[in-house]
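Trainee:
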Amino acid sequence: MVNFGGWDMPVEYSGILSEHEAVRARAGIFDVSHMGEIEIRGERALELVQYVTCNNAAKLVDGQIQYSGLMTPAGTFVDDLLVHRISDRHYFLCVNAGNQEGDFAHIRTNNRHSAQVENNGDRYSLLAIQGPLAASLLQRFTKVPLASIRYYHFEFGNVDGVHCMIARTGYTGEDGFEIYFAPEHSEQIWNHLLDGGSKEGILPCGLGARNTLRLEASMCLYGHEIDDTTTPWEAGLGWICKPDKGEFLGREILVEQKQRGVERKLVGFEMLDKRIGRDGYPAAIGGQEVGRVTSGGPAPHLKKNIGMAYLPAGQSAIGASIEIIVRGQPAAARIVEMPFYKRPKQ
Amino acid sequence: MYPADFRYSKDHEWVKVEGGTGTVGITDYAQSELGDVVFVELPKVGAQMKAGQSIGTIESVKAVSEVYCPVSGEVTAVNNALSNSPEKINQEPHAGGWLIKLKLANPSEVAALMDAAAYNAYVDAKAKEHSA
């Protein structure tokens, strides 16, 4: 068990490699109840969401979800989050555990819209069922036709007799669902799903596999790829940054940075020998230190060692040679396209 | 669990002495803490090691760990099988997952290490710390 944002969480159950492969080939179940939930209600709920986030929440319809960033006035990340539109007067935000209190305070401080903001982290448990068999497993526990829930959409319904928000989202690069429900039912649903999937080799998965899976899928982790010093443009998250939507925190700075161009960029790399470039290791070009690895490690499914790093924008071309400094020694690496892993089309 | 004919260090390495040669590896406790091992970096045959000096590194999926030499001596063999099958360290830490063999420079160092019973107690105490 490790302490993660005040929660005791297992890094692994049967082992990171076997859990990782279970999710890629079959399915895995993650207890991610540590994630925070903040709900915004009221006539002007949308205006508040629009003001504090960088994506355009006005595009959402009921039952739709959007990946977004909670912005500082400097256009950097307070957090990254999922915005669920329950109705035009009710938005449900899923945020990082460690940032929950800060996010809540930040949203309230910027609430010029008399919206009702509630920090509801302890009112929800969250289980993620991820992998090619996720839908068929979960379908055995619900009458909600899961095939009708599209990617980044959700519906309410019972799972194992418990009222849930069933969202087709995840942090693994696979198809899958995240289900939110009242915490007193956690043990029941967890045990029933695992029992139900044991024949197919569906495994409980810990934080370790969650990290290797999201790294292979090139998804950002707060505190690594993004934080309050990085902007969406730098992090390769331009697709969630919509300055044309109207006023929001950090907008002017982001518009200006886009016009001027970024000085540094997040890139993906793969190691060219057996050594492993890990979080925090320096990245160099021609012997000169130019950046730092934000996340790095083995990619169990790809059977390579991969990572992400910030590099000067002018030295971030795909295919370029770089070095990762591993315990004082340069190890050869190459900048590659992200995502490292993309699930096969069905 | 922990072979009676091995000696153990506080850093969770073991040494098995046969004649003047010591075989060194990491313990079952160490491998279970590390998780899936994916890469091992070891010294070359002929290297002179001092007790407490780093032998090399073991990398698991989640972490890098330094391995320290429990005894002094000259490296006479390196377990090359680990470069293609590092998982042997997880599967058989006290046998096929050995790391190096040394010609012992100072056999009296061995006596200063823990025996199996003492190491067992040491690991139990660690496990209690963890669950506390």
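In order, the protein sequence lines correspond to chains A and B.
To convert, take the position in the first sequence, counting from 1, and add 829; that gives this note's numbering.
To convert, take the position in the second sequence, counting from 1, and add 682; that gives this note's numbering.
Where is the CB? At the ideal position from N, CA and C, for every residue including glycine.
Source: prediction; values computed, not measured.
Under 9 angstroms, do isoleucine 1153 of chain A and proline 1127 of chain A count as touching if we go by C-beta distance?
Mentor: Contact: no.
Trainee: Measure from the alpha carbon of valine 722 of chain B to the alpha carbon of each residue in A:Ala1142, A:Arg952, A:Ile1105 and A:Thr905, then state which is nearest.
Mentor: Checked all of A:Ala1142, A:Arg952, A:Ile1105 and A:Thr905; the closest Cα to valine 722 of chain B is A:Ile1105.
Trainee: Output, in sequence order along the chain, the residues in the stretch 1091 to 1107 of chain A whose CB is closer than 9 angstroms to any CB in chain B.
Mentor: Of all residues in the stretch 1091 to 1107 of chain A, Lys1103, Arg1104, Ile1105 and Arg1107 have a Cβ within less than 9 angstroms of some Cβ in chain B.
Trainee: Taking the alpha-carbon positions, what's the arginine 941 of chain A to valine 1096 of chain A distance?
Mentor: If I take the Cα positions, the gap works out to 37 angstroms.
Trainee: Identify the contact partners of valine 746 of chain B in chain A, using a Cβ-Cβ distance below 7 angstroms as the criterion.
Mentor: Near valine 746 of chain B (Cβ distances below 7 angstroms), the residues of chain A are Arg1107.
Trainee: Of all the residues that make up the stretch 756 to 784 of chain B, which are near chain A by a beta-carbon distance shorter than 7 angstroms?
Mentor: Here the close residues number zero.
Trainee: Arginine 997 of chain A: which of A:Ile1008, A:Asn987 and A:Glu1063 sits nearest, CA to CA?
Mentor: Selected option, being the one with the closest Cα: A:Ile1008.
Trainee: Compare the C-alpha of aspartate 1108 of chain A against each of A:Lys1028, A:Glu868 and A:Glu1054 and name the closest.
Mentor: Checked all of A:Lys1028, A:Glu868 and A:Glu1054; the closest Cα to aspartate 1108 of chain A is A:Glu1054.
Trainee: Leaving out five residues before and five after asparagine 1134 of chain A in sequence, what residues of the same chain have Cβ atoms less than 8 angstroms from its Cβ?
Mentor: The residues are Glu1099, Met1100, Lys1103, Arg1104, Ile1105, Gly1106, Gly1125, Gly1126, Pro1127 and Ala1128.
Trainee: Quick one: which residues of the stretch 1022 to 1037 of chain A get their C-beta closer than 8 angstroms to a C-beta of chain B? List them in chain order.
Mentor: Per Cβ criterion, the list reads Gly1037.
Trainee: Out of A:His849, A:His992, A:Gly834 and A:Arg853, point me to the one whose CA is closest to cysteine 1034 of chain A's CA.
Mentor: Out of A:His849, A:His992, A:Gly834 and A:Arg853, A:His849 has the C-alpha closest to the C-alpha of cysteine 1034 of chain A.
Trainee: Would you kindly work out how many angstroms separate the C-alpha atoms of isoleucine 869 of chain A and alanine 976 of chain A, rounded to a whole number?
Mentor: Their Cα atoms are separated by approximately 29 angstroms.
Trainee: Measure the alpha-carbon distance for alanine 957 of chain A versus serine 754 of chain B and round it to whole angstroms.
Mentor: Approximately 50 angstroms, taken between the alpha carbons.
Trainee: Is there a C-beta anywhere in chain B that falls below 9 angstroms from the one on threonine 1041 of chain A?
Mentor: True, the Cβ-Cβ gap to chain B drops below 9 angstroms.
Trainee: Please state the DSSP three-state secondary structure of aspartate 917 of chain A.
Mentor: Note: aspartate 917 of chain A maps to coil in three-state DSSP.
Trainee: Measure from the C-beta of valine 840 of chain A to each C-beta in chain B and report whether the shortest distance is under 9 angstroms.
Mentor: Taking Cβ atoms only, chain B reaches closer than 9 angstroms to valine 840 of chain A, which makes this a yes.
Trainee: Please compile the residues from chain A whose C-beta is within a distance smaller than 9 angstroms of the C-beta of valine 749 of chain B.
Mentor: Simply none; closest approach about 13 angstroms.
Trainee: Compute the beta-carbon to beta-carbon distance between serine 691 of chain B and leucine 786 of chain B, rounded to the nearest angstrom, for a pair I have assumed lies under 8 angstroms.
Mentor: With 8 angstroms as the limit, serine 691 of chain B and leucine 786 of chain B do not qualify as a contact, their Cβ atoms being about 15 angstroms apart.
Trainee: Whose C-alpha, out of A:Ala1146, A:Arg914, A:Phe1010 and A:Glu1029, is nearest the C-alpha of glycine 892 of chain A?
Mentor: When each option's Cα is compared against that of glycine 892 of chain A, the closest is A:Arg914.
Trainee: Hey, out of A:Glu841, A:Arg853, A:Val831 and A:Ser843, whose CA is closest to lysine 1171 of chain A's CA?
Mentor: Among A:Glu841, A:Arg853, A:Val831 and A:Ser843, the Cα nearest to that of lysine 1171 of chain A is on A:Arg853.
Trainee: Please name the residues in the stretch 715 to 736 of chain B whose beta-carbon is closer than 7 angstroms to at least one beta-carbon of chain A, in chain order.
Mentor: Listed by position, the residues of the stretch 715 to 736 of chain B near chain A (Cβ gap below 7 angstroms) are Gly717, Asp718, Val720 and Phe721.
Trainee: Report back the beta-carbon spacing between tryptophan 1019 of chain A and aspartate 860 of chain A to the nearest angstrom; my notes put them in contact at under 8 angstroms.
Mentor: The Cβ separation is near 6 angstroms, so the contact holds.
Trainee: What does the Cβ neighbour count give for aspartate 837 of chain A, buried or exposed, with the cut at 16 atoms within 10 Å?
Mentor: Burial call: exposed.
Trainee: Kindly confirm or deny that the stretch 711 to 719 of chain B and the stretch 1080 to 1097 of chain A touch, where touching means at least three C-beta pairs closer than 8 angstroms.
Mentor: With a cut-off of 8 angstroms, the stretch 1080 to 1097 of chain A and the stretch 711 to 719 of chain B do not count as touching, because too few Cβ pairs lie within range.
Trainee: Enumerate, from N- to C-terminal direction, the unbroken beta strand (DSSP E) stretches of 3 or more residues contained entirely within the stretch 1004 to 1092 of chain A.
Mentor: As far as the stretch 1004 to 1092 of chain A is concerned, its whole beta strand (DSSP E) runs of at least 3 residues are 1005 to 1010 and 1032 to 1034.
Trainee: Who does valine 706 of chain B pair with in a DSSP beta bridge?
Mentor: The partner list for valine 706 of chain B (beta bridge, DSSP) reads B:Val697 and B:Ile782.
Trainee: Give me the Cβ distance between threonine 1176 of chain A and glycine 904 of chain A, rounded to the nearest whole Å; I'm assuming they're in contact under 8 angstroms.
Mentor: A query on residue 1176 of chain A cannot be resolved here, the shown segment of chain A reaching from 830 to 1175 and no further.
Trainee: Going along chain A in order, which residues have a C-beta closer than 7 angstroms to the C-beta of glutamate 741 of chain B?
Mentor: Going along chain A in sequence order, the residues near glutamate 741 of chain B (Cβ under 7 angstroms) are Ile1105.
Trainee: Would you kindly report the start and end of the unbroken alpha helix (DSSP H) that includes alanine 926 of chain A?
Mentor: No alpha helix (DSSP H) contains alanine 926 of chain A, which DSSP labels as neither H nor E.
Trainee: Does DSSP put isoleucine 978 of chain A in a helix, a strand or coil?
Mentor: Residue state, collapsed to three classes: coil.
Trainee: Please report the distance separating the alpha-carbon of aspartate 1056 of chain A from that of threonine 1123 of chain A.
Mentor: Distance between the alpha carbons of aspartate 1056 of chain A and threonine 1123 of chain A is about 11 angstroms.
Trainee: Using a Cβ cut-off of 7 angstroms, pull out every chain B residue sitting near isoleucine 845 of chain A, in sequence order please.
Mentor: Gly717, Asp718, Val743 and Lys744, listed in chain order.
Trainee: From which residue to which residue does the beta strand (DSSP E) around alanine 851 of chain A run?
Mentor: Here alanine 851 of chain A belongs to no beta strand (DSSP E); instead the alpha helix (DSSP H) covers 845 to 854.
Trainee: With a 10 Å radius around its C-beta and 16 neighbouring C-beta atoms as the bar for buried, classify asparagine 885 of chain A as buried or exposed.
Mentor: Flag for asparagine 885 of chain A reads buried.
Trainee: Could you tell me which whole beta strand (DSSP E) segments of length 3 or greater appear in the stretch 936 to 981 of chain A?
Mentor: Runs found: 945 to 948 and 954 to 959.
Trainee: Starting from the Cα of valine 912 of chain A, find the closest Cα among A:Leu1042, A:Tyr981 and A:Arg1093 and give me that residue.
Mentor: Out of A:Leu1042, A:Tyr981 and A:Arg1093, A:Tyr981 has the C-alpha closest to the C-alpha of valine 912 of chain A.
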